[in-house]
Amino acid sequence: MTLPNAVVKPSVLPSDPRFSSGPCRKHPGWSVHPTMLRYVGRSHRSSEGAERLGEVIRRMASLLELPDGWLCGIVPGSGTGACSMALQNLLGPTPVETFLSDNFSQYWANEIDTLGLAPQNRHICDYGDFPDTSRIDPNHDIVLVLNGTNSGVCPPDLDWILPDRAGLVIGDAVSAAFTRPIDYDRIDVLCWSWQKALGGEGGHGMIALSPRAQARLIVGGPKPIARLMRLHNADGSVNKAFFGGRTISTPSMFAVEDIHSALDWAEACGGLTALLNRVANNYAVMSDWVNSTPWIDWTCSNPAARSTCSITLRLVREQHAAGEKADDGKIATEMIRLLEAEGAAFDIWSYGDAPPGFRIWAGPTIEAEDLAILCEWLAWAYSETCAANMPREARVVRHGNFPTSKASAVQPRTESASSLTAALKSPPPQTLADCYDAILFDATGVLISQNDALPGAVDILARLNTSGQPYYIVTNISSGSDETILARLRGAGLPIPAVDRIVSAGGVARHSVVEELAAGRVVSYLGSAQAAHDIFGKHPNLHCADTVETFDTLVVLDDEGFDFKRVADHILSTFQRRLIERGEMPRIIAANADIIYPGKNGTLVFGPSIIGPMLQAGLAPFGAPPISVEVMGKPGRAIFEECITRAGTDRLLMVGDQVDTDIKGAKAAGLDALLVTTGLNNSGELRQGESGAADFVAKNLNQIFDGSLFPHL
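Just so you know, my numbering puts 338 at position 328 of the sequence shown, and the rest follows in order with no gaps.
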């Protein structure tokens, strides 16, 4: 297994991380301008509404440079609706040639058979290629996808379609319109959508018919198809009003104005030629990167058949560190998770039937500079993911390695230590941080006090952001969701890049609470309603502990904004009644496991989880068994297991200021721990003899990086 060279985490994000293949990114400079709302709530049959729909048709035809004599209309169901409309209105009884180059071409072939639209000759090929076109009958109709977004395949050319053919050619141009040149001498029907190349809203499509297709529509006459798809009037005549903007179903008037905004932008860019140039520039960026990156390759190996806007990539198994094909999907999935968590890229997973890899939209609304930045992030995510899949003893190469005495302690019992030997050839670590894959920081007492950053905290996180070494904020704060906590910490000045860096007790508890609610159990919370609803959402079975007479589960949150002592009597009575009536007690889930915590001026105060000992003492006279509390926060194991899962490694260092939660919890989970004595709790040095004592004691956070601390046996 070969570890790729470590890649420094990029410091710049794309201007817009949305690279979805549909709905696609809005055009540069897009916003909801007040003029886009002027017809919201107005009828599409009003003179104004009808005029705006007609203008969409005229402007689309002009931008696509449709030849004179073609008709164009707006259809429901996006590009899919347009293609279905074409097949159902125009096919039969002439046989049809279909070319199965991607999933949608397979869909159209299946629809032709399922509806019995026409006899069919299917031309098939391997995934990532385009079928042989040499065996078609020019008298037959043809149905083909002009650009496959899921396979990244398009026809190499259309020269095999004769200009003087007898049959019709129906082109699914959902992602080809405005991204590829279209030879109208060889196409009779064009189908596309608003939401693809121009970045419009979903649900609306377009169909354009050549004079030959219009003649087929007249000669073929009406067919027994649903009204939504029908291009004929009830009397059998062609629905000419449809091609003037009188839609069959009600369109969104907001979407209409939105597509006008996209057309404004496209025209201002310079029209179709400018849009095609933008796509060509985007493809050049991606092609350069793929050609220079050994672990990635095109799904379509034939450059002539390769889409220039649907960047469809696969991992090269022989090159990447996992080594086994079964790991490809895991690596791609983890890379995508990292990129989404960092806000670098959204929705770039490959299509379900495609090889594991990525599907990146590079249409005209995407900026080439954003693609270049995305390539840097892909390289970083690959390096991070492969490192996380390395054997434990070899993974430390990413940030250094342990001294020989420490490393020998983690040699595998049965495997060769060759990878470890290679690791030990690397330069020795210079700092304690070099010895770990990621660092875990407690929040209160280590990074913040109340709502202010503690000395050195901002600089430490900024340094980690620059170096690219992962870190996570592991906190028992459960007064809000992870997003709320992130906002609070950022408000204190901490430069935390993304919400996935927050591992909170409330967030970990959420999994169990949601399961309880889904099972129909009544859950009461000890904390403020604002905190509970922020973390768990609102639910009819979720109540404050002092508002119901019975409940199945009690979840303990923060006392921030809530005086838990005032409900202690009510909770005690509830537990006592349940014990007497049912012989059992409610389940207790403690998000905030603090029994005591530092207050202002160094004082100690009771925390919410003091309710456990209080209940035990109060119920003892009634024969209550020992009360079991499921601790989700520190020192419970659940929160540290979440950290291991997110980091993809257990080579973690916990930095905390509280022995009973931060240090003992980390040690119980098998992690190393560092006690900072300058936080709100400075009693750590007095407890070094205890079981579960810290591996390291530091006077300040800077010692993690200044070389004064090293692992010891």
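Positions of the beta carbon are idealized from the N, C-alpha and C atoms, including for glycine.
Since the structure is predicted, the reported quantities are computational estimates derived from the model, not experimental observations.
Practice problem: My understanding is that I84 touches P261, with C-beta atoms under 8 Å, so please give their C-beta distance in whole angstroms. | Solution: If you number the sequence shown from 1, residue 84 lands on position 74. If you number the sequence shown from 1, residue 261 lands on position 251. I84 to P261, Cβ: 7 Å. Contact.
Quiz item: Where K548 and A236 are concerned, what is the direct C-alpha to C-alpha distance, given to the nearest angstrom?
Solution: On the sequence shown, position 538 is the one that residue 548 refers to. On the sequence shown, position 226 is the one that residue 236 refers to. Rounded to the nearest whole angstrom, the CA to CA distance from K548 to A236 is 42 Å.
Quiz item: Taking just the CA atoms, how far does H37 sit from D469?
Solution: In the sequence shown, the residue the question calls residue 469 occupies position 459. In the sequence shown, the residue the question calls residue 37 occupies position 27. In this model, D469 and H37 are separated by some 37 Å (Cα to Cα).
Exercise. On the DSSP bridge assignment, give the partners of N131 in chain order.
Key: As a working note, residue 131 is residue 121 in the sequence shown. Per DSSP, E107.
Self-check item: L154, enclosing beta strand (DSSP E) - first and last residue
Solution: Indexing the sequence shown from 1 puts residue 154 at position 144. From DSSP, the beta strand (DSSP E) with L154 extends over 151 to 155.
Practice problem: Would you please state the rounded distance, in angstroms, between the beta carbons of F29 and D357? I believe it to be under 8 Å. | Solution: Here residue 29 refers to the residue found at position 19 when the sequence shown is read from its first residue. Here residue 357 refers to the residue found at position 347 when the sequence shown is read from its first residue. Confirmed, Cβ separation roughly 7 Å.
Quiz item: Which value, in whole angstroms, describes the spacing of the CA atoms of P24 and A183?
Solution: Against the sequence shown, residue 24 aligns to sequence position 14. Against the sequence shown, residue 183 aligns to sequence position 173. Distance between the alpha carbons of P24 and A183: 28 Å.
Quiz prompt | Span separating the alpha-carbon of T441 from that of G367 | solution = Here residue 441 corresponds to residue number 431 of the sequence shown, with the count starting at 1. Here residue 367 corresponds to residue number 357 of the sequence shown, with the count starting at 1. Linking T441 to G367 through their CA atoms gives a straight-line distance of about 36 Å.
Quiz item: Whose C-alpha, out of A539, L536, L552, is nearest the C-alpha of G530?
Solution: Taking the first residue of the sequence shown as position 1, residue 530 is located at position 520. Closest by C-alpha distance to G530, out of A539, L536, L552, is L552.
Quiz item: How about T322 and G162: do their beta carbons lie closer than 7 Å?
Solution: Stepping through the sequence shown from its first residue, residue 322 is reached at position 312. Stepping through the sequence shown from its first residue, residue 162 is reached at position 152. For T322 and G162, yes; Cβs fall inside 7 Å.
Exercise. Using DSSP bridges, identify the partner residues of F616.
Key: Position 606 of the sequence shown, counted from the start, is the residue given in the question as residue 616. Note: F616 sits in a beta bridge opposite I606.
Quiz prompt | Under the three-state DSSP convention, the category L47 falls into | solution = Counting from one through the sequence shown, the residue named residue 47 turns up at place 37. In the displayed model, L47 falls within a helix according to three-state DSSP.
Practice problem: Could you tell me which residues DSSP puts in a beta bridge with M664? | Solution: Position 654 of the sequence shown holds residue 664. Under DSSP, M664 forms a beta bridge with L450, A683.
Self-check item: 6 Å CB neighbourhood of I495 in its chain, flanking five on each side removed
Solution: Working through the sequence shown from its first residue, we reach residue 495 at position 485. Excluding positions up to five away in sequence, the list reads I487, I512, S514.
Exercise. Rank F188, A448, N287, R240 by C-alpha distance to the C-alpha of L97 and give the top, closest one.
Key: Counting from one through the sequence shown, the residue named residue 97 turns up at place 87. In terms of Cα proximity to L97, the closest of F188, A448, N287, R240 is R240.
Quiz item: To the nearest angstrom, how far is it from the Cα of T659 to the Cα of G680?
Solution: By one-based count along the sequence shown, residue 659 stands at place 649. By one-based count along the sequence shown, residue 680 stands at place 670. Straight-line spacing of the CA atoms in T659 and G680 works out to 12 Å.
Practice problem: Please confirm if the region 48 to 58 is in contact with the region 226 to 235, defined as three or more CB-CB distances below 8 Å between the two stretches. | Solution: The region 48 to 58, when compared against the region 226 to 235, does not touch it at the 8 Å Cβ threshold.
Quiz item: For the putative contact between L567 and A542, defined by C-beta atoms under 8 Å, what is the C-beta separation to the nearest angstrom?
Solution: Walking along the sequence shown from the start, residue 567 turns up at place 557. Walking along the sequence shown from the start, residue 542 turns up at place 532. That pair is a contact at about 6 Å.
Self-check item: C-beta contact flag for A648 and V558 at 7 Å
Solution: Working through the sequence shown from its first residue, we reach residue 648 at position 638. Working through the sequence shown from its first residue, we reach residue 558 at position 548. Not a contact, by the Cβ cut-off of 7 Å.
Quiz item: So who's on the other strand from A708, going by DSSP bridges?
Solution: Along the sequence shown, one-based indexing puts residue 708 at 698. DSSP lists V686 as partners of A708.
Quiz item: Shortest alpha-carbon distance to A251 belongs to which of V532, S477, L81?
Solution: Start at 1 with the first residue of the sequence shown, and residue 251 comes out as number 241. Per the Cα distances, L81.
Quiz prompt | Whole alpha helix (DSSP H) elements within the region 50 to 81, 4-residue minimum | solution = Fully enclosed alpha helix (DSSP H) runs of 4 or longer: 57 to 73.
Practice problem: Return the chain-ordered ranges of every beta strand (DSSP E) run that is complete within the region 156 to 232 and spans a minimum of 3 residues. | Solution: Given a length threshold of 3 residues, each whole run of the beta strand (DSSP E) inside the region 156 to 232 is given here in chain order: 179 to 182, 199 to 203, 214 to 219.
Quiz item: Thinking just about the alpha-carbon of each residue, which of D562, E651, E379, G255 is nearest to the one in L662?
Solution: The residue you call residue 662 lines up with position 652 of the sequence shown. The shortest C-alpha to C-alpha distance from L662 to any of D562, E651, E379, G255 is the one to E651.
Practice problem: With DSSP as the reference, label Y481 as helix, strand or coil. | Solution: As a first step, residue 481 is located in the sequence shown; it is residue number 471 there, counting from the start. Taken through DSSP and simplified to helix, strand or coil, Y481 comes out as strand.
Quiz item: Hey, H150 and E107: beta-carbon distance below 7 Å or not?
Solution: Mapped onto the sequence shown, residue 150 falls at position 140. Mapped onto the sequence shown, residue 107 falls at position 97. Using a Cβ distance threshold of 7 Å, H150 and E107 count as a contacting pair.
Practice problem: Pull up the distance between the alpha-carbon of A119 and that of A92, whole angstroms please. | Solution: Your numbering for residue 119 matches position 109 in the sequence shown. Your numbering for residue 92 matches position 82 in the sequence shown. Rounded to whole angstroms, A119 to A92 spans 15 Å at the Cα level.
Practice problem: Compare the C-beta of I495 with all C-beta atoms of chain C and state if any pair is closer than 7 Å. | Solution: This model lacks chain C altogether, as it is built from one protein chain only.
Quiz item: Does the distance from the C-beta atom of G622 to that of V639 stay below 7 Å?
Solution: Reading the sequence shown from its first residue, position 612 is the one you call residue 622. Reading the sequence shown from its first residue, position 629 is the one you call residue 639. Pairing G622 with V639 gives a Cβ-Cβ distance under 7 Å.
Quiz item: alpha helix (DSSP H) containing I512: first to last residue?
Solution: Counting from 1 along the sequence shown, the entry for residue 512 is found at position 502. Careful: I512 lies outside any alpha helix (DSSP H), inside the beta strand (DSSP E) at 512 to 514.
Quiz item: Using the rule of at least 16 other Cβ atoms within 10 Å of the residue's Cβ for burial, across every protein chain shown, is T2 buried or exposed?
Solution: Shown here, the chain extends from 11 to 723; a query on residue 2 therefore has no answer.
Self-check item: Per-residue burial, L110 [other beta carbons within 10 Å of its own, 16 or more giving buried]
Solution: Counted from its first residue, the sequence shown places residue 110 at position 100. Buried, by the Cβ-count rule.
Quiz prompt | Reference C135, options C164, D123, L125, closest by Cα | solution = For the purposes of this step, residue 135 is identified with residue 125 of the sequence shown, where counting begins at 1. The residue with the shortest Cα to Cα distance from C135 is C164.
Quiz item: P103: which of G717, Q130, Y117, M95 sits nearest, CA to CA?
Solution: Counting from 1 along the sequence shown, the entry for residue 103 is found at position 93. Looking at the Cα atoms, Q130 is the closest of the given residues.
Exercise. Have a look at V533 and V615 and give me their C-alpha separation to the nearest angstrom.
Key: As a first step, residue 533 is located in the sequence shown; it is residue number 523 there, counting from the start. As a first step, residue 615 is located in the sequence shown; it is residue number 605 there, counting from the start. Distance from the CA atom of V533 to the CA atom of V615, rounded to whole angstroms, is 27 Å.
Quiz item: So N157 packs on R190, CB below 8 Å; how close in whole Å?
Solution: As a working mapping, residue 157 is identified with position 147 in the sequence shown. As a working mapping, residue 190 is identified with position 180 in the sequence shown. With 8 Å as the limit, N157 and R190 qualify as a contact, their Cβ atoms being about 6 Å apart.
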